[in-house]
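As structure tokens, the structure follows; a few thoughts come after it.
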Amino acid sequence: MSDAAYDDRPLLVLDSGIGGLTVLREARVLMPERRFVYVVDDAAFPYGNWEEPALRERLVDLFGELIAIHDPIACLIACNTASTLALEALRAAYPQMTFVGTVPAIKPAAERTRSGLVSVLATPGTVKRQYTRDLIEQWATKCEVTLVGSVSLAALAETYMRHGSVEESAVSAEIAPCFVEKDGRRTDIVVLACTHYPFVVNRMRKMAPWPVDWLDPAEAIARRALSILPRIASDAPVGRHDDVAVFTSGRADAVTRRLMQGFGLATEGGILPA
Numbered sequence: 001m002s003d004a005a006y007d008d009r010p011l012l013v014l015d016s017g018i019g020g021l022t023v024l025r026e027a028r029v030l031m032p033e034r035r036f037v038y039v040v041d042d043a044a045f046p047y048g049n050w051e052e053p054a055l056r057e058r059l060v061d062l063f064g065e066l067i068a069i070h071d072p073i074a075c076l077i078a079c080n081t082a083s084t085l086a087l088e089a090l091r092a093a094y095p096q097m098t099f100v101g102t103v104p105a106i107k108p109a110a111e112r113t114r115s116g117l118v119s120v121l122a123t124p125g126t127v128k129r130q131y132t133r134d135l136i137e138q139w140a141t142k143c144e145v146t147l148v149g150s151v152s153l154a155a156l157a158e159t160y161m162r163h164g165s166v167e168e169s170a171v172s173a174e175i176a177p178c179f180v181e182k183d184g185r186r187t188d189i190v191v192l193a194c195t196h197y198p199f200v201v202n203r204m205r206k207m208a209p210w211p212v213d214w215l216d217p218a219e220a221i222a223r224r225a226l227s228i229l230p231r232i233a234s235d236a237p238v239g240r241h242d243d244v245a246v247f248t249s250g251r252a253d254a255v256t257r258r259l260m261q262g263f264g265l266a267t268e269g270g271i272l273p274a
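At position 102 of the sequence shown (counting the first as 1) the number is 102 in full-length UniProt numbering, and the numbers step up by one without a gap.
Pasting the structure below:
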């Protein structure tokens, strides 16, 4: 006899591109019984080019449509930009739905640093948002935090994942401001505050002027989702052949489809017109 009722509704994971796959990968390890719907809001990529009110309105409207179509058990926003901008509005618009957001891992960085010099590598939108500065004020007042807004790194990660190579000098230029030397101390932790960035972290390690701890929050985000979802019965079926990738543009090229299939996501039947 099972110890809990099995709820087969999927966990919906959204990002503007492929970055959220880093979170999906960790969520699957922790929740092998779950079904997943991975939403690529490629019609709006990159989020950093949007004005904040317009992007917030888009996300609220989009989630309304996604919730109606897919009936998820919860929604995981695997994107710092979208979370810091729209999480409060989404919870207000859909109070019966559970939303899990992604925010810069500033608290654990402040707890781990030895030099007291921490950098936050993010999109320009995340860097300028008051939410990020409030996290620093709350958790990192004893540290010196450098905010680095990368214009191109998310796109470089997309290129790397689709084509298997990336111009290393371009990666080096994007991460260079993260490395600070002051009074004999050096930056020792870089917070990866965009879910795209872990895909190119090996390139970043290679181009870094000295070793640092690259803080990837994907596992912590997945653990947060696990902690707030209902328990799954011990006899629930394990397998994810029903997992799908949804593209808000209504189209995906062959390379992107192969990438999604490599993550065990079907693309046929998973298209949502923009």
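No residue lacks a Cβ here, since even glycine has one placed at the ideal position from N, Cα and C.
Take the alpha-carbon of F36 and the one of S172: they are about 34 Å apart. Counting only residues of its own chain and dropping the five nearest sequence neighbours on each side, V190 has a CB closer than 6 Å to the CB of S119, L121, C178, V212 and W214.
For the pair S16 and P46, the CB atoms are nearer than the 8 Å cut-off.
Per DSSP, the beta-bridge partners of R186 are E181. Cα atoms of G48 and R162: separation of roughly 21 Å, rounded to the nearest angstrom. About 4 Å separates the beta carbon of P217 from that of A105, a gap short enough to meet the 8 Å contact definition. The C-alpha of T102 is placed about 29 Å away from the C-alpha of E181.
Between P198 and R223, the alpha-carbon positions lie close to 17 Å from each other.
Contact between V60 and L87 does not hold, since the beta-carbon distance rounds to 11 Å and is not under 8 Å. Runs of the alpha helix (DSSP H) lying entirely within the stretch 11-83 and spanning at least 4 residues, in chain order: 21-30 and 52-70. Counting only the Cα atoms, D183 lies some 14 Å from R114.
With a cutoff of 8 Å on beta-carbon distance, T248 and A92 are scored as not near each other. Rounded to the nearest whole angstrom, the CA to CA distance from V200 to V39 is 21 Å. Counting C-beta pairs closer than 8 Å gives fewer than three between the stretch 203-210 and the stretch 132-139, which falls short of the contact rule.
When the five nearest sequence neighbours on each side are left out, the beta carbons in the same chain lying within less than 6 Å of the beta carbon of A245 are those of Y38, M260, L265, T267 and G270, in order along the chain.
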